[in-house]
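Novice: Going letter by letter, the sequence shown gives residues 0 to 842 in numbering that gives the first Met the number 0. This structure is in structure tokens; I'll ask about it shortly.
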Amino acid sequence: MKDKPLNEVLHQLRDQYGLQLSYTENELSKYKVSVQKQFETDEETLNFLLNTLPFRLKKAGKVFIIIPLKKGKTGQKSDVHISGQIVESGTREPLSYSNIIINKKKLVADVTGSFNFIASADSSFHLQISHLGYFVFDTVLYTGIDQHFTLKPSITPLPEIKVQNRPIDRSTLIGDIAGNMKINHNIAQYLPGQGDNSIFNLLRLMPGIQATNEQSADLQLSGSQEGQSLMTFDGFTLFGLKNYNNNISIINPFLVKNINIYQGSFPAQYGNRVGGLVQMIGKNGSLQKPTFSFNLNATTVNGMAELPLFRKSSLVIAYRQTYYNLYNSNNFNIYAPTHSKNETTRTPVNFNTNLNGFDVYPDNYRYRDFNAKYTINPNKNDQLYFSLYLGGDKYRLTTLKELKPSNSEDPPETRNPLLVDFSDREKNSQDGFSAFYSKKWSAKISSEFLFSRSSYSREAFQNTQAQAENTTTANTGNELEFSNTAKEYSFRNENRINRKDGKELTFGAGFYTNKASLVNINSYGDSLNLNSEQQFSNTHLYAFVKEHLPIGKKLIIDGGIRFLVANDGNKFIAEPRFSMQYKFTENLKLNVAGGRYHQFMYKLAHVDRDNNYNYFWVTSANSVPVLNATHYCLGLNYYKNSFTANVESYYKKTNNLSRQVFEQHQNAVPGWNSAYINYTGDAKAYGISTYLRKDFGNQAIWTSYNWSKALERLAKEGDALPGYVPAINDQRHEFKIAALLNYKRFYFSSDFVYGSGQKLIRQAFPDNDVSTDYQRVDLALTYKLNWEKSKTEFGVSVLNIFDRKNLSYNHLRSINLSPEFNVVKVYTNAVPLTPTIFLKIVF
């Protein structure tokens, strides 16, 4: 060979002769060698190549380590800096929050994939870099370094390289910090579903995230109630879109790069919620070549384009939408969760008092969203991006039912049926924008700046008309109309100062401005009309400081405090936070965390005359208190030989809980009268979750079990609080098991979820005439085709293969029709038996 970079020569020796080598790629690429000679041993070959170069060779077992010769005066000591950015091989996509271990000192990369480690000189450094779903980077360094570290995805075919005996980081990282999970988004595409809800299909299989009754507009984490957990994408808040069939998630799965979850007890740099956090980071886009991705299924069409621009920047654009009315029988498709249009049911339905109920489905549903992200990399240490999201959905439901009571004393042939005409329509929209800038000021100091804006609106109208069949006069006529908006603006700054041996000081400050409006109109026949309109506004400033302190090789302590100044500056709040990790052995670790938390914007429950719960976004003001909570979390984690066992317990106490409950006054008369009474109180939730996982090569199986209890107590203002009772989100048991198997180009997955049922569902059907527990089994098979210029995946998936009738948390209503019929339950079953196919193409 002649005039060839040394690193390429070593690549060839490694591939042809199986040499095991450890060296710094960038350092060796600076030197070119020419050689035409035969050698008898590996060591002789390497010594000849390095003979005139500033490197020396060291052998450790079967591994040859190439070490740069040290520069400078003998005896001179200085700090060694090991820093760089971790990116994906091929696309150069930064891998946010990657894990780095240097001489058993652990640190975490920032959102841009960058890290910095400072250590004393005259020592070797064992460097390991891992990211969920990627091959682990493992090497030994003998000097400081600042470079890009590339990791290869474990599921991407690498025809040009034969990879042997290289470990793959676990697809889910649990137990590293108390209450925290990191999830590999790459495996989500192989789980049952049709691609559009793959991220949330994966989340629902994790411990502590409630899957029962399929909440479509919110995530409930470790006993927290609706609206108490924060979900963000690229830093802006996702308030939620209502999704009727649970097969479309609020975020396009093509865009998700990283998922970080705190079920509680999160550190001082995060705030604004008393529940948990779900943070999603979007892709920056390929810097190497244009890439186009498409997903076609029976529900939506989804496309994404990644375009490199001007060598140092990239643009990502994605769009998806439903392309027919999902529930319209005129567009029936066996591969979609389609139901017949709700025509009049003329066959009498016999009901007993308190057992009345019928299921309905929308006859029109549309969804669409758009994402755009532009990223600029001015140099290898700085990054700037702008991220935009626009989304919306709307649905319409109409149905006409004929009901015939069975508890009447009249003969069946003379019982007077009741015609019920029910209609429901709703429109939701969500948009978000963020601007992010990351700056590395020096080897020790870096900063991040983020501006975000997010807004949400919901408009809903429900109408119920009921009349006896042989009359023309309506017995009951109820109309409910809601309009709710929420807006949030924020500016956040976070700074890091790296010190020796993994010690790190983080501090920052910022502000949040929240606004909300609510119009609530209730009309119950001609006897009672309620009309309320409210405006809410709040601004608060914050500052925080956090210290990451490794002590020896076994103990890590993180301590911090967050300060809040709310509204007009008259209210000062301190939120202490702490966490600890202690390693008993290399495989067994104890995790502890806790802290204080406040929430200024949350969902307020309105309980109407028929005991229906409607949730609306509000922000703290004179009549709306600030939620505050205390969290504690204790966990034990064991990991060895690709087996993970994690047990975690939690306790959360939440104060200033508020709810508005309908109570008709004795002197209520026709006209506009306020009849919603404010109840306040507190809640507590505690439980224990277990998680077991075993990886067998390319196969994985995991299971989790959660035992939990959620309690609350509420009273009118001025009244004494009663004893605790189960909260509406209370559920005692939830069990999950999932498997992901890979054979050549085939990926098979299956999952099963069981839940004992939420209090809200059990309360609606107290006599168990409808199953209130939850059971669902899903299956999926995916086949991968990797052609020269494109990658194609074809999938077949079946959701709820046994067609279990599970009730949906978000789509349950009670209607008080007449004394004869009492209350009728109008509900929608969760995902039915749903066979679906999809095709994904990337080129």
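Just so you know, even glycine gets a beta-carbon here, dropped at the ideal spot from N, CA and C. Since the structure is predicted, the reported quantities are computational estimates derived from the model, not experimental observations.
Whole angstroms are fine: how far does the CA of S454 sit from the CA of S422?
Specialist: 27 Å
Novice: Sort out for me which residues DSSP pairs M600 with in a bridge.
Specialist: T618
Novice: Distance check for L190 and L838, CA to CA, integer angstroms please.
Specialist: 14 Å
Novice: Hey, quick one: how far does the alpha helix (DSSP H) through N6 stretch, first residue to last?
Specialist: 5-16
Novice: What is the C-beta distance between F583 and A573, in whole angstroms, given that I count them as a contact (C-beta under 8 Å)?
Specialist: Contact doesn't hold; Cβ gap of about 33 Å is too wide.
Novice: Would the region 453-467 count as touching the region 479-489 if we require 3 or more Cβ pairs under 8 Å?
Specialist: Taking one beta carbon from each stretch, the region 453-467 and the region 479-489 have 3 or more pairs nearer than 8 Å; the two touch.
Novice: Would you check if the distance between the CB atom of I173 and the CB atom of T643 is smaller than 8 Å?
Specialist: yes
Novice: Where L157 and K790 are concerned, what is the direct C-alpha to C-alpha distance, given to the nearest angstrom?
Specialist: With a pLDDT of only 33 at L157, under the threshold of 50, the placement of this residue in the model should not be trusted; the figure read from the coordinates follows. For L157 and K790, the distance between alpha carbons rounds to 12 Å.
Novice: Please classify P721 as buried or exposed, where buried requires at least 16 other C-beta atoms within 10 Å of its C-beta.
Specialist: P721 is classed as exposed because its beta carbon has fewer than 16 other beta carbons within 10 Å across all chains shown.
Novice: For the putative contact between V273 and L626, defined by C-beta atoms under 8 Å, what is the C-beta separation to the nearest angstrom?
Specialist: 5 Å
Novice: I'd like the span of the alpha helix (DSSP H) that includes K29, first residue to last.
Specialist: It is not in any alpha helix (DSSP H) - K29 carries neither H nor E in the DSSP assignment.
Novice: Measuring alpha carbon to alpha carbon, tell me which residue in W616, L589, F490 is nearest L519.
Specialist: First, the residue type needs correcting, since residue 519 is Asn and not Leu in the sequence shown. N519 has its Cα closest to that of W616, out of W616, L589, F490.
Novice: Helix, strand or coil for F253 per DSSP?
Specialist: helix
Novice: Are A371 and K735 closer than 8 Å when you measure CB to CB?
Specialist: Contact flag unset, no.
Novice: Specify the secondary structure class of Y189 as computed by DSSP and reduced to three states.
Specialist: helix
Novice: Measure the C-alpha to C-alpha separation of S221 and K151 and round it to an integer number of angstroms.
Specialist: 34 Å
Novice: So, using beta-carbon positions, are F54 and F47 closer together than 8 Å?
Specialist: no
Novice: Touch check for the region 705-716 and the region 678-686: three-plus C-beta pairs under 8 Å?
Specialist: In the pairwise beta carbon analysis, the region 705-716 is classified as touching the region 678-686: at least three pairs are separated by under 8 Å.
Novice: Can you tell me whether I208 is buried or exposed, with buried defined as 16 or more other CB within 10 angstroms of its CB?
Specialist: By the beta-carbon neighbour count (other beta carbons within 10 angstroms, threshold 16), I208 is buried.
Novice: Could you tell me whether the Cβ atoms of S123 and V139 are closer together than 8 Å?
Specialist: In this structure, V139 lies closer than 8 Å to S123 by Cβ.
Novice: What is the DSSP secondary structure of I560, counted as helix, strand or coil?
Specialist: I560: strand per DSSP, three-state reduction.
Novice: Taking the alpha helix (DSSP H) that I760 belongs to, which residues open and close that run?
Specialist: 758-763
Novice: In the DSSP output, what is Y845 paired with across the bridge?
Specialist: The question about residue 845 has no answer here: the residues shown for the chain are numbered 0 through 842.
Novice: Check F450 in the structure and name its three-state DSSP category.
Specialist: Residue state, collapsed to three classes: strand.
Novice: For a quick check, are the C-beta atoms of V776 and P834 less than 8 Å apart?
Specialist: no
Novice: Quick one, which of N462, T398, F253 has its alpha-carbon nearest M279's?
Specialist: F253
Novice: Am I right that T321 and T298 are in contact with their C-beta atoms under 8 Å? What's the rounded C-beta distance?
Specialist: 6 Å
Novice: Which ranges would you report for the beta strand (DSSP E) in the region 228-311 if only whole runs of at least 3 residues count?
Specialist: 229-232, 255-261, 276-281, 290-296, 299-308
Novice: Determine the contact status of E305 and S312, defining contact as a CB-CB distance below 8 Å.
Specialist: no
Novice: DSSP three-state call for H787: helix, strand or coil?
Specialist: The identity of residue 787 in the sequence shown is Glu, whereas the question assumes His. Coil at E787, not helix or strand.
Novice: Exposed or buried, what is H810 when buried is set at 16 or more other beta-carbons lying within 10 Å of its beta-carbon?
Specialist: Around the CB of H810, 16 or more other CB atoms lie within 10 Å, so the residue is classed as buried.
Novice: Since I believe S95 is in contact with G112 (beta carbons under 8 Å), could you give me their beta-carbon distance rounded to a whole number of angstroms?
Specialist: 6 Å
Novice: Excluding five sequence neighbours on each side, which residues of the same chain lie with their C-beta closer than 6 Å to the C-beta of L759?
Specialist: I727
Novice: Helix or strand or just coil, what does DSSP make of I198?
Specialist: helix
Novice: List the DSSP bridge partners of A371.
Specialist: I316, L387
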